[in-house]
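Asks:
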Amino acid sequence: TVLEPYETLWVETPQEKLGDVLQVLANRKAEITNMNHHPHGVTVEATIPTRGLIGFETDLVNLTSGRAAMSHLFKEYGPWKGEIMTRTTGTLVSMETGIATAWALNNIQERGRLFIGPQEEVYEGMIIGENPRAEDMPVNPTKTKHLTNIRSQGEGKGIQLEPPLKMSLERSLEYIAADEYVEATPHHLRLRKKILNATARKRAALSAASAAP
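Count along the sequence shown from 1, then add 28; that gives the number in the working numbering.
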């Protein structure tokens with residue numbers, strides 16, 4: 029039997045945010061053991077896998093606009109609770125290795141949220157953004173186009189890129205799916221697919237699907 033560590037978690041939340049907090053806890057495989065309603069809100073006590081706490085505090089702050097508080101304490105080892113799904117989106121995955129260009133990113137940002145900016149180094153299999161749909165989308169952030177084609181006649185302005193989303197290490201660890209890694213170096217924090225090559229990735233996915241009961 030595979031075991032994993034569990035924590036006792038206490039959350040103080042406003043009454044009107046209780047439903048949202050309970051939904052997030054359920055998604056993270058938490059089991060509610062006690063709820064205490066009081067004039068200032070609700071105290072929720074739960075048992076949760078330790079890995080379920082990764083990124084939870086950030087979600088709690090966002091859900092309650094900073095009005096909730098949490099604390100936790102190691103409880104015991106218990107049976108593995110299975111995969112924790114905290115993401116319903118796919119990713120934008122680079123097909124090429126090179127330097128990201130503003131022209132390419134301008135086109136890619138129409139498909140999803142970017143994690144990188146122009147002039148950043150990218151490589152095949154690196155995750156450069158988020159696809160709102162559940163599937164992963166291959167993209168080429170290194171594409172270039174001649175300067176005269178970047179602007180249309182009389183447009184009067186250049187490329188406008190949305191600021192890229194930069195995630196902390198904790199948020200990155202929470203974000204990745206089972207087929208992804210966080211790559212941390214002294215100067216960079218990147219997300220990538222475990223299998224970098226797209227063809228090999230597809231072959232592995234088909235193999236895993238055929239082997240499933």
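By construction, the Cβ of each residue, glycine as well, lies at the ideal position given by its N, Cα and C atoms.
With DSSP as the reference, label Glu44 as helix, strand or coil.
Replies: Reduced to three states, the DSSP call for Glu44 is helix.
Asks: Out of Ala58, Tyr151, Arg139 and Gln137, point me to the one whose CA is closest to Thr36's CA.
Replies: Ala58
Asks: Kindly confirm or deny that the stretch 94–104 and the stretch 141–149 touch, where touching means at least three C-beta pairs closer than 8 Å.
Replies: no
Asks: Kindly indicate which residue of Thr61, Trp108, Arg79 and Leu46 has the alpha-carbon position closest to the one of Val30.
Replies: Trp108
Asks: Could you give the distance in angstroms between the alpha-carbon of Asp207 and the alpha-carbon of Glu85?
Replies: 24 Å
Asks: For Lys221, list the residues DSSP reports as bridge partners.
Replies: Glu208
Asks: Which residue wins for smallest C-alpha separation from Ile136, given the options Arg218, Ile82 and Pro166?
Replies: Nearest C-alpha to Ile136: Pro166.
Asks: Unbroken beta strand (DSSP E) runs of length 3 or more, entirely within the stretch 71–107: which are they?
Replies: 97–107
Asks: Can you check whether the CB of Ile127 is closer than 8 Å to the CB of Leu219?
Replies: no
Asks: For Thr78, which option in Asn62, Pro33, Arg161 and Ala130 has the closest C-alpha, if you only look at C-alpha atoms?
Replies: Pro33
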